[in-house]
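Protein chains in written order, with this note's numbering: chain G, 1 to 155; chain X, 156 to 343. Glycine included, each C-beta is placed from N, C-alpha and C at the ideal position. The structure under discussion appears below in the form of structure tokens.
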Amino acid sequence: MKHIRCEREKEVVGALRTGTWTADLGSHVRDCAICAETRLVAERLLESAEVLRTGHDPIAADRIWRQAQARRQEVALQRAAAPLIFMHRLSLACVIAFATWLLHSFWHMADGKLMRGWTLPGIETATMGAAIAVVSIAVGAWYLLRESDRAVSSV
Amino acid sequence: MNAHSEVWMPVHKTDAFTAEIVWSSEEDATMDEQAFQSLYEATARPILAYLTGVTGRRDVADDLLQETYCRFLVRQPTISREDEARKYLFRIATNLLRDRWRRGEDKQWTESPEEGFEPNLDKQIDVRSAMRALKPRERELLWLAYVEGMNHAEIAEAMGLSAMSIRLLLFRARRRAAALLRRGEEIR
Chain G
1 MKHIRCEREK EVVGALRTGT WTADLGSHVR DCAICAETRL VAERLLESAE VLRTGHDPIA
61 ADRIWRQAQA RRQEVALQRA AAPLIFMHRL SLACVIAFAT WLLHSFWHMA DGKLMRGWTL
121 PGIETATMGA AIAVVSIAVG AWYLLRESDR AVSSV
Chain X
156 MNAHSEVWMP VHKTDAFTAE IVWSSEEDAT MDEQAFQSLY EATARPILAY LTGVTGRRDV
216 ADDLLQETYC RFLVRQPTIS REDEARKYLF RIATNLLRDR WRRGEDKQWT ESPEEGFEPN
276 LDKQIDVRSA MRALKPRERE LLWLAYVEGM NHAEIAEAMG LSAMSIRLLL FRARRRAAAL
336 LRRGEEIR
């Protein structure tokens, strides 16, 4: 088979689909290997499609409609909640940056003149206080994020 | 719905391929339930047949059909004619099929021949055997070209391929399918 396409191939498919088969087309198909091949495949596929179309009912349209409406609401709420999630994440980043800065400053203070002369219990108390502050901030940020994620996922 | 908005009426009620879709309003272009039902009635069976014919499984075809229409409704494309909506639906369905094959979920082909269609039962088995032996893309190509009667440009759009490549791909798919069908006839 030298050629991969015949000009009348489309006509053959059209005739099979509409049932308007002519004698002229029939004689062409007998002489043309491409159209004969097309006829064989298209005819079988069309028969199979007919069986599939009539043999199996699609699910009810209202079920799909309801499902799509629920999904549209979900998408709309996710879009609406996106700035809120962004702000929560931004606030968490700020809290982490602040906590890092606080710790850095504290150690800097401990090395420097400000804490010189402090007694050991005093340094321990200050360290404990700074640690509690950092943990409280971290727990608060985690709780905030968890609540926002839960609100979005429950939508 | 806006009180001042106009409701579009179908121009050709008898021609399912060129009928206009009735949207709830011109301004928000949101399809209402009635318009969706008429579109669904006109397009669901061919799409379900396509999905069943290509996957070979009814349960999978049902799931994919549901997902196809859900995506269509969620995206709400700016389409006014039913034939455009139909092409768009075939495109979504084809994308879903491709996603399924990429996930490697095309191993099972359990569909049995339909009951109550005795005259061509042998032929149906041949077609199913041939389809099963073809590559997923070849099945899609043949179905869209011969059952749906799409031209090369439309197939390219639905499958996300270049129109130039369709001619050669279709030729190869047809040749393979014809060889498989002839072999089936010889065995019978």
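Could you tell me whether the Cβ of Phe272/X comes closer than 8 Å to any Cβ of chain G?
Low confidence applies to Phe272/X: its pLDDT is 44, below 50, so where it sits in the model is not reliable, and the reading given next is rough at best. Phe272/X counts as touching chain G.
Of the residues Phe245/X, Ile234/X and Pro291/X, the one placed nearest Glu222/X, counting alpha carbons only
Closest option to Glu222/X, Cα to Cα, is Phe245/X.
Going along chain X, which residues have a C-beta under 7 Å from Gln78/G?
Under the 7 Å cutoff, chain X gives no residues; its nearest Cβ is about 12 Å from Gln78/G.
Going by CA-CA distance only, name the one from Arg287/X, Leu219/X, Thr233/X and Arg327/X that's closest to Arg255/X.
Selected option, being the one with the closest Cα: Leu219/X.
Please say whether Arg329/X and Leu299/X have beta carbons closer to each other than 8 Å?
In this structure, Arg329/X does not lie closer than 8 Å to Leu299/X by Cβ.
At least 3 beta-carbon pairs within less than 8 Å: the segment 86-102 of chain G vs the segment 130-141 of chain G:
Contact between the segment 86-102 of chain G and the segment 130-141 of chain G is present, with at least three C-beta pairs closer than 8 Å.
Proximity winner among Arg79/G, Ala82/G and Asp62/G, relative to Leu228/X (alpha-carbon distances):
Measuring C-alpha to C-alpha distances from Leu228/X to each of Arg79/G, Ala82/G and Asp62/G identifies Asp62/G as the nearest.
Starting from Ala319/X, follow its DSSP beta bridges and name the residues at the other end.
One detail in the question is off: residue 319/X reads as Met in this sequence, not Ala. DSSP, once it has assigned bridges, lists no residue as partnering Met319/X.
Boundaries of the alpha helix (DSSP H) in which Met305/X is found, first to last residue:
Segment: none, Met305/X is in no alpha helix (DSSP H) and carries neither H nor E.
Hey, would you say Arg213/X sits closer than 8 Å to Thr207/X, going by beta carbons?
Cβ distance < 8 Å, so Arg213/X and Thr207/X count as in contact.
Under 7 Å (Cβ pairs) to chain X, residues found in the segment 45-57 of chain G
Of all residues in the segment 45-57 of chain G, only Leu45, Leu46, Glu47, Ser48, Ala49, Val51, Leu52, Arg53, Gly55 and His56 come within less than 7 Å of chain X when Cβ atoms are compared, listed by chain position.
In chain C, what lies closer than 7 Å to Pro201/X by C-beta?
No chain C appears in this structure, whose protein chains are G and X.
Residue span of the alpha helix (DSSP H) that contains Glu47/G, given as start and end
From DSSP, the alpha helix (DSSP H) with Glu47/G extends over Ala33 to Gly55.
Distance CB(Ala285/X)-CB(Leu336/X) smaller than 8 Å
With respect to Leu336/X, Ala285/X sits close: the two C-beta atoms are nearer than 8 Å.
Residues from the segment 323-343 of chain X in contact with chain G, defined by Cβ distance under 8 Å
The segment 323-343 of chain X vs chain G, Cβ under 8 Å: Leu323, Phe326, Arg329, Arg330, Ala332, Ala333, Leu336 and Arg337.
Give the residues of chain X in contact with Arg146/G, contact being defined as C-beta atoms less than 8 Å apart.
Annotation: Arg146/G has no Cβ neighbours in chain X at a cutoff of 8 Å; minimum Cβ distance is about 28 Å.
Determine the burial state of Val215/X: buried for a count of at least 16 other Cβ atoms within 10 Å of its Cβ, exposed for fewer.
Around the Cβ of Val215/X, a 10 Å sphere holds 16 or more other Cβ atoms; the residue is buried.
Specify whether the segment 32-41 of chain G and the segment 5-17 of chain G touch according to this definition: at least 3 beta carbon pairs, one from each stretch, less than 8 Å apart.
As far as the Cβ criterion goes, the segment 32-41 of chain G touches the segment 5-17 of chain G, which means the pair count is three or higher.
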